[in-house]
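Engineer: I'd like to ask some things about the structure below.
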Amino acid sequence: MKPDGERSLKVLIVDGESDFLEWAVNQVRGLGVEVYAEGTADRAYRVFCEVQPDLVLTELNLTPFSGQELLVKIRTHTPNALVIVYSAFGTTQSVIETMKLGAFDFVRKEQLPFNLKVVVEAALKVRMDLMKASAPRPQLTVEQHSDEMVGRSDAMQQVFKLVGRVAASDVPVLITGESGTGKELVARAIHRYSQRSNKAFLAINCAAIPEQLLESELFGHEKGAFTGAHSQRIGRFEQCDEGTLFLDEIGEMPLALQSKLLRVLQHGEFSRVGGSQTIRVDVRIVAATNKQLEQEVAEKRFREDLFYRLNVVRIHLPPLRQRVEDIPLLAEYFLQRISARRLQPPLKLSEEAVRMLEGYSWPGNVRELENTLERAVVLATSDVLLAKDIPLGELGGEGVAMRRRLEEIAEQILRVIPEESAVMPVLEAVLSARVLQITSGDEGKAAQRLGIEKSALRAALRRERV
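Each step along the sequence shown adds one to the number in the working numbering, with nothing skipped, and position 443 is 448.
Next up, the structure:
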């Protein structure tokens, strides 16, 4: 691999595990690049300064200093250096901080046997583009903070990376996802890793405050502005000047207020309710919604110009059911936190309980998981939580196995019914006929078993005969 037929590209690989290092060198060398290999961070830095490789791949855990420190040294020496950091033990905080330091990517080590060449080729393509455009990447600095986002799934790793990349800027961020997925945690992480971290972070739920009070809550009011305004009030925007304001459920904001918010985003100024003085503020906006704002815009319930102002960077949080591999990690984290709050040793989950948690659909997402475990801890009679100890939704623990079985059956049904056919009419007809057969032709019992009216049962049976 060469940029425009010139010199071969150079790759430096750093890993203290000799067997993995040898394997990685052979894999990358097959791409037609010059490969350098080192087992310690200090020697790797010397090699970097001598040969100026186009790409560095480094393990996070190195001696005599870490891969993160090596990244800092490399980026201090060469601000536009491309560095990929990988680790088998990367925490949420290490992923975010590494990306904030300017790493090109953070990869889980166990993924490298499957996609090492793909990762390297993608980075080298960027290197060639940078060489053509002479566009350096900015140098960033790290801050040490605790973090509460938890997840090892690929989807959450992408969220952590986005947080790391966007934190250092001041652009508005729109966080989307179902209720209970942890949108406020992401907003807090963006603030925590930003240059505004020593200033205020304030959150306001636009759906929880009546329309007539929301404007005053955001922008404040002057004395006598309306009935009950006995004194001047400073709003959230003034309270978090130079900080971050998190607007949760932004899709519920009334249209009249949306125009005032747009003015703040455009010009950084507003007036208190009942006031004439123009107030200037420097506030970063992070907004969140569980609505499809594009649809809200199309139906004239949300201003299009405000949507584009907010949607500069979008971070989507997947529902918990789409990242099942995170459930055991989240459960352990919540159990430790709940137990610490109750000043008791952390409880453990039995294997059966873990399987049950993984099999549940979690309509309330991470919030429901935490609440469920809190109830289980309160009711626990031993230091190990069994499946029967954990209440899950309306079905309870015993219903999870049934739900999983139904999901398997649903997959089989979807494979059997042609894509061009509507699923529900076929399913209703077949199921109605079968239940009627089981009830020996008693339409009343069959309708009761199906939970429908007799008329609906007869309509389904007519479709079956057709």
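C-beta: ideal position from N, C-alpha, C; glycine also. Predicted model only: the values in this text are computed from it and were never measured.
Go to Y41, then tell me how far its beta strand (DSSP E) extends in each direction, as first and last residue.
Structural biologist: E39 to E43 is the span of the beta strand (DSSP E), which, as asked, contains Y41.
Engineer: Under 9 Å, do R314 and L267 count as touching if we go by C-beta distance?
Structural biologist: Yes, the pair counts as a contact, with Cβ atoms nearer than the cut-off.
Engineer: What does the Cβ neighbour count give for P215, buried or exposed, with the cut at 16 atoms within 10 Å?
Structural biologist: P215 is exposed by the Cβ-count criterion.
Engineer: For D310, does the three-state DSSP call read helix, strand or coil?
Structural biologist: D310 falls in the helix class under three-state DSSP.
Engineer: Among D47, W28 and Q282, which one has its Cα closest to the Cα of V40?
Structural biologist: Selected option, being the one with the closest Cα: W28.
Engineer: Determine, using beta-carbon pairs with one atom in the segment 379-389 and one in the segment 351-370, whether at least three such pairs fall under 8 Å.
Structural biologist: In short, these stretches touch, since the Cβ pair count reaches three.
Engineer: Measure the alpha-carbon distance for E403 versus E357 and round it to whole angstroms.
Structural biologist: Confidence is the limiting factor: at E403 the pLDDT is only 46, short of 50, which leaves the residue's position unreliable, though a coordinate-based value still follows. Near 12 Å, if we compare the C-alpha coordinates of E357 and E403.
Engineer: Ends of the alpha helix (DSSP H) at K5?
Structural biologist: This structure cannot settle anything about residue 5, because the visible part of the chain is limited to 6 through 471.
Engineer: Between which two residues does the alpha helix (DSSP H) carrying K265 extend?
Structural biologist: Its alpha helix (DSSP H) spans residues L260 to H272.
Engineer: Give the range of the alpha helix (DSSP H) segment to which D253 is assigned.
Structural biologist: Taken as a continuous stretch (DSSP letters only), D253 belongs to no alpha helix (DSSP H), being part of the beta strand (DSSP E) at T249 to D253.
Engineer: Rounded to the nearest angstrom, what separates G156 and L334 at their Cα positions?
Structural biologist: Taking the straight line joining both Cα atoms gives about 7 Å.
Engineer: Can you tell me the Cα-Cα spacing of R306 and K15, whole angstroms?
Structural biologist: Taking the straight line joining both Cα atoms gives about 54 Å.
Engineer: Grab me the residues of T45's own chain with a C-beta within less than 6 Å of its C-beta, minus the 5 sequence neighbours each way, in chain order.
Structural biologist: Closer than 6 Å at Cβ, skipping near neighbours: T68.
Engineer: Is T283 buried or exposed, if buried means 16 or more other CB atoms sit within 10 Å of its CB?
Structural biologist: Counting Cβ neighbours within 10 Å, T283 comes out exposed, since fewer than 16 surround it.
Engineer: How about V382 and S344: do their beta carbons lie closer than 9 Å?
Structural biologist: It is a contact, given that the beta carbons lie within the stated cut-off.
Engineer: To the nearest angstrom, how far is the alpha carbon of H226 from that of K78?
Structural biologist: The alpha-carbon atoms of H226 and K78 are separated by roughly 51 Å.
Engineer: Is it true that the CB of L325 sits closer than 9 Å to the CB of T186?
Structural biologist: A contact, by the Cβ cut-off of 9 Å.
Engineer: Among the residues of its own chain, which have a CB less than 8 Å from the CB of G248, if the five just before and after it don't count?
Structural biologist: Once the five neighbours on either side are set aside, the close Cβ partners of G248 are H196, R201, K204, A205, F206, L207, V288 and R289.
Engineer: Name the residue from I320, Q73 and R48 whose alpha carbon lies nearest to the alpha carbon of A192.
Structural biologist: Ranking I320, Q73 and R48 by Cα distance to A192 puts I320 first.
Engineer: Kindly indicate which residue of Q341, G256 and V317 has the alpha-carbon position closest to the one of D175.
Structural biologist: Measuring from the Cα of D175, the nearest candidate turns out to be V317.
Engineer: Could you tell me the distance, in whole angstroms, from the CA atom of S23 to the CA atom of E304?
Structural biologist: S23 and E304: Cα-Cα distance of roughly 60 Å.
Engineer: Going by DSSP, name the residue or residues bridged to H226.
Structural biologist: For H226, which the question treats as bridged, DSSP gives the partners R238 and V278.
Engineer: Taking a contact to mean a Cβ-Cβ separation below 9 Å, would you say L179 touches A293 in this structure?
Structural biologist: In this structure, A293 lies closer than 9 Å to L179 by Cβ.
Engineer: Nearest to R308 by CA position, among G72, K265 and V371, is which residue?
Structural biologist: Cα-wise, what sits closest to R308 is K265.
Engineer: Would you please state the rounded distance, in angstroms, between the beta carbons of V33 and V90? I believe it to be under 8 Å.
Structural biologist: Not quite, the Cβ-Cβ distance comes to about 16 Å (not below 8 Å), so this is no contact.
Engineer: Go through its chain and collect everything with a Cβ distance to K114's Cβ below 7 Å, but skip five positions before and after it.
Structural biologist: Here the set comprises Y91, S92 and A93.
Engineer: Beta-carbon separation of N370 and S184 under 9 Å?
Structural biologist: Result yes, Cβ atoms of N370 and S184 sit closer than 9 Å.
Engineer: Under a three-way DSSP split, which group does I89 fall into?
Structural biologist: In this structure, I89 counts as strand in the three-state DSSP scheme.
Engineer: I need the DSSP call for L390, collapsed to helix, strand or coil.
Structural biologist: Strand.
Engineer: Which word fits T81, buried or exposed, when buried means at least 16 other C-beta atoms lie within 10 angstroms of its C-beta?
Structural biologist: Exposed is the call here.
Engineer: Is the separation between the beta-carbon of V61 and that of A42 shorter than 9 Å?
Structural biologist: No, Cβ-Cβ distance for V61 and A42 is not below 9 Å.
Engineer: Look at the alpha carbon of R238 and the alpha carbon of R347, and state the distance between them as a whole number of angstroms.
Structural biologist: Straight-line Cα distance between these residues: approximately 38 Å.
Engineer: Can you give me the start and stop residues for the alpha helix (DSSP H) that F94 sits inside?
Structural biologist: Premise fails: F94 is in no alpha helix (DSSP H) and is neither H nor E.
Engineer: For S281 and G240, I'd like the C-alpha separation in whole angstroms.
Structural biologist: The straight-line gap from Cα to Cα measures roughly 15 Å.
Engineer: Measure the CB-CB distance between L76 and V52 and report whether it falls below 9 Å.
Structural biologist: No, the Cβ-Cβ distance between L76 and V52 is not below 9 Å.
Engineer: In the structure shown, what three-state DSSP assignment does F339 receive?
Structural biologist: Helix, per DSSP.
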